[in-house]
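In this note's numbering, the protein residues as written are 159 to 449. In this text, a Cβ means the ideal position worked out from N, Cα and C, and glycines have one as well.
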């Protein structure tokens with residue numbers, strides 16, 4: 159997810175008229191006041207790994223949940239049918255998270271660890287939404303510590319190897335600094351329409367590379383990622399919040415976008431040398447609100 163940190167932005171993110179209509183006034187105001195993103199700062203506690211390990215973490219329960227409740231709407235946005243989740247599937251999700259919490263992740267090889275943390279982040283996010291559903295936006299779940307904190311990202315939600323961890327810890331202190339891969343932003347999902355799609359299957363060591371590439375192409379080539387309007391290039395606010403991860407400046411972001419752009423978008427990107435606007439929709443990715 160792309161949680162804001164307490165430091166205010168030099169100027170608020172601007173949102174397109176289409177995004178404003180879709181998100182609703184309250185959500186847009188929250189998005190417009192969202193502060194800058196946290197830095198990637200490694201939590202050394204999680205730097206250990208064992209490349210000789212042959213242990214594979216089982217993510218079948220998470221895949222089963224995703225296959226049952228994630229569907230694509232007619233605009234190419236994956237939505238979750240939160241309201242349809244059965245008590246049995248809530249229990250199965252809780253059991254899956256308990257199993258992850260008991261996994262000796264520090265002794266896994268790096269590939270297994272990457273899939274572990276991505277799946278843990280996404281499953282925890284879904285559980286947070288289910289625990290507070292119905293809700294219009296994840297920003298409304300104000301359970302993080304701190305006077306100016308928004309959303310659930312700062313709260314310690316569970317323990318792994320007996321160490322309490324938050325969503326912020328997983329994304330900004332483990333995944334981003336350990337892998338230094340901008341595609342991580344396409345893998346972790348913040349339960350919002352502006353976010354890259356929650357995939358319909360769990361990540362594994364064997365599938366992660368292809369899934370990350372596919373997720374990058376899907377998002378970059380969707381209007382949420384990048385599009386031109388009257389000659390202006392409008393991109394996801396993710397590329398501004400995490401500009402350091404995408405090359406450190408606008409030129410780096412454009413290089414990244416061109417790498418994953420399909421031919422038509424690539425030609426359009428080749429004709430521009432700057433970003434004119436950014437946008438993000440914090441509305442919940444709920445099937446119940448699908449157009």
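So what does DSSP say about residue i, is it helix, strand or coil?
{"i": "residue 249", "result": "helix"}
{"i": "residue 303", "result": "coil"}
{"i": "residue 308", "result": "coil"}
{"i": "residue 444", "result": "strand"}
{"i": "residue 230", "result": "strand"}
{"i": "residue 238", "result": "strand"}
{"i": "residue 408", "result": "helix"}
{"i": "residue 392", "result": "strand"}
{"i": "residue 255", "result": "helix"}
{"i": "residue 321", "result": "strand"}
{"i": "residue 429", "result": "coil"}
{"i": "residue 436", "result": "strand"}
{"i": "residue 207", "result": "coil"}
{"i": "residue 385", "result": "strand"}
For residue i and residue j, what's the separation of their Cα atoms in angstroms?
{"i": "residue 454", "j": "residue 336", "result": "Any answer about residue 454 is impossible in this case: the structure gives the chain only from 159 up to 449."}
{"i": "residue 426", "j": "residue 413", "result": "13 Å"}
{"i": "residue 329", "j": "residue 373", "result": "17 Å"}
{"i": "residue 437", "j": "residue 249", "result": "36 Å"}
{"i": "residue 263", "j": "residue 407", "result": "34 Å"}
{"i": "residue 280", "j": "residue 323", "result": "14 Å"}
{"i": "residue 201", "j": "residue 315", "result": "17 Å"}
{"i": "residue 364", "j": "residue 305", "result": "42 Å"}
{"i": "residue 232", "j": "residue 353", "result": "16 Å"}
{"i": "residue 237", "j": "residue 207", "result": "34 Å"}
{"i": "residue 422", "j": "residue 431", "result": "16 Å"}
{"i": "residue 390", "j": "residue 434", "result": "6 Å"}
{"i": "residue 449", "j": "residue 343", "result": "26 Å"}
{"i": "residue 339", "j": "residue 247", "result": "32 Å"}
{"i": "residue 393", "j": "residue 225", "result": "29 Å"}
{"i": "residue 198", "j": "residue 397", "result": "15 Å"}
{"i": "residue 297", "j": "residue 215", "result": "31 Å"}
{"i": "residue 441", "j": "residue 401", "result": "23 Å"}
{"i": "residue 404", "j": "residue 204", "result": "24 Å"}
Quick one: what's residue i bridged to in DSSP?
{"i": "residue 219", "result": "Paired residues: none, contrary to the question."}
{"i": "residue 314", "result": "324"}
{"i": "residue 350", "result": "442"}
Check: If you pair each beta-carbon of the region 241 to 260 with each one of the region 383 to 394, do three or more pairs fall below 8 Å?
Finding: no
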